[in-house]
Amino acid sequence: MERTAVRGRLTWQAATVTGLTPETAAVVTIMLDPPDWPGHQAGQHLDVRLTAEDGYVAERSYSIASAPADGEADPPVVELTVQRLPDGEVSPYLTQTLAIGYPLELRGPVGGWFVWDPDGPASTRPVLLVAGGSGVVPLMAMIRERAAAGSRAPFKLIYSVRDPGTLLYADELARREQAGDGLEVTYVYTRTAPPGSSQPTGRINTATLASAGWPPDRSPAVFVCGPTGFVEAVANLLVRAGHGAGGIKTERFGPSGGKP
Ligand SMILES: Cc1cc2nc3c(=O)[nH]c(=O)nc-3n(C[C@H](O)[C@H](O)[C@H](O)COP(=O)(O)OP(=O)(O)OC[C@H]3O[C@@H](n4cnc5c(N)ncnc54)[C@H](O)[C@@H]3O)c2cc1C
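Those letters in the sequence shown? Residues 1 to 260, per my numbering, in order.
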């Protein structure tokens with residue numbers, strides 16, 4: 001990576017909010033235009049810093065939802081999708097107070113492990129994405145990147161949510177799946193299935209991974225993202241099913257940041 005790109009990643013910069021899209025009752029997508037964006041890979045995250053009038057500072061990490069190509073546009077477009085935690089410090093501000101035109105300090109992109117590269121050495125391998133709740137955000141960036149790059153790597157997404165009202169990107173996922181170019185999506189509802197559905201509710205289990213995922217002998221690249229407990233449970237199930245631990249990449253959306 002170029003030295004200027006590294007400097008860009010490590011330096012705080014002020015972006016402006018250029019758009020806000022409500023996704024669900026508790027989730028908002030924030031569009032930003034970081035002036036010195038060095039580019040990113042699908043799956044990376046960035047850090048957001050809020051500074052109160054009294055100087056108090058809070059930092060949190062957020063996955064980048066948009067495809068790398070959007071970050072290369074002029075001006076760059078970087079999207080975050082943030083879920084509000086009712087007792088949270090930062091997410092209520094980002095989802096309820098932030099308005100178009102507001103500045104937001106950010107630093108990134110961060111992380112070079114949990115990434116999918118359409119031109120990388122494993123670019124034609126089948127891919128299994130397993131998301132719990134807002135853990136779908138970096139996986140959506142991979143799905144968007146696959147489309148933007150014209151990749152035909154076969155992708156399967158297993159997406160676990162509590163109920164249909166908490167699904168993110170539902171229309172876009174349906175549209176991309178209907179394109180019929182190798183993306184398959186399976187929804188798992190832990191509490192309430194869609195009206196009229198005979199699908200049982202419950203957590204992702206061995207049977208789900210066997211029916212909606214890839215068999216281990218296809219050597220898929222596996223990306224699992226969500227709350228810490230979800231990620232650990234799914235990774236254990238995958239290893240027990242015969243997937244090599246080395247092929248499973250995980251990202252945990254546990255508490256992040258605090259005071260810098
Ligand atoms: C690499 C990475 C990427 C992330 N990407 C996203 C993303 O794309 N979208 C998104 O909405 N969040 C994401 N997160 C989580 C995010 O960084 C914050 O932790 C989250 O927004 C809560 O911050 P807060 O200040 O509102 O809550 P806090 O004030 O930090 O915490 C409030 C309460 O909620 C608990 N808590 C904090 N975070 C979580 C969590 N993630 N799940 C469950 N309980 C929690 C705390 O223990 C505490 O009890 C990511 C985290 C990491 C580490």
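Note that beta-carbon positions come from the ideal geometry of N, C-alpha and C, so glycine has one too.
This one's a predicted model, so the numbers in the text were calculated from it and none came from an experiment.
Proximity winner among the options, relative to residue i (alpha-carbon distances)
i	options	result
A212	D87, P75, Y159	Y159
G250	F155, L139, R144	It should be noted that the sequence gives Thr, not Gly, for residue 250. Taking only the C-alpha atoms, the option nearest T250 is L139.
V115	R146, D87, R152	R146
R252	G246, A233, P227, A67	P227
V77	S151, D54, W37	W37
Y118	R152, N205, L50	The sequence shown places Pro at residue 118, not Tyr. Checked all of R152, N205, L50; the closest Cα to P118 is R152.
A99	L20, G133, H45	L20
Euclidean distance between Cα positions of residue i and residue j
i	j	result
L94	P164	23 Å
G242	D217	9 Å
Y187	V161	8 Å
V136	Y102	26 Å
G258	A52	Note that G258 scores a pLDDT of 47, beneath 50, so its modelled location is shaky; the value from the coordinates is reported in the next line. Computed Cα separation, rounded: 14 Å.
W12	G43	20 Å
L183	G247	20 Å
T166	A25	8 Å
R107	V224	24 Å
T18	A207	43 Å
Q83	R240	31 Å
Ligand 1 heavy atom lying under 8 Å from the CB of residue i
i	result
P227	yes
Y62	yes
A147	no
G246	no
P76	no
Q83	yes
L268	Residue 268 is absent from the structure shown; the chain starts at 1 and stops at 260.
G111	yes
H40	no
D171	no
V115	no
R162	no
Chain B contact for residue i (CB, 9 Å cutoff)
i	result
A207	Checking the listed chains, one finds no chain B in this structure; it contains a single protein chain.
Residue i, enclosing beta strand (DSSP E) - first and last residue
i	result
S160	155-161
R49	45-51
V115	From DSSP, V115 is part of no beta strand (DSSP E); its letter is neither H nor E.
I248	248-252
T30	Per the sequence shown, the amino acid found at residue 30 is Ile instead of Thr. That run of the beta strand (DSSP E) goes 27-32.
L80	78-83
Inter-residue CB distance, residue i and residue j (contact presumed, cutoff 8 Å)
i	j	result
T185	E177	Rather than Thr, the amino acid found at residue 185 in this sequence is Val. Correct: roughly 5 Å between the Cβ atoms.
R9	P109	6 Å
E23	T97	At roughly 17 Å, the Cβ-Cβ gap does not stay under 8 Å, so E23 and T97 are not in contact.
M31	E79	5 Å
S66	R144	7 Å
Where the alpha helix (DSSP H) through residue i begins and ends
i	result
V341	In the structure as shown, the chain starts at 1 and stops at 260, and residue 341 therefore has no counterpart that could be examined.
Q178	170-178
P68	68-71
E145	136-148
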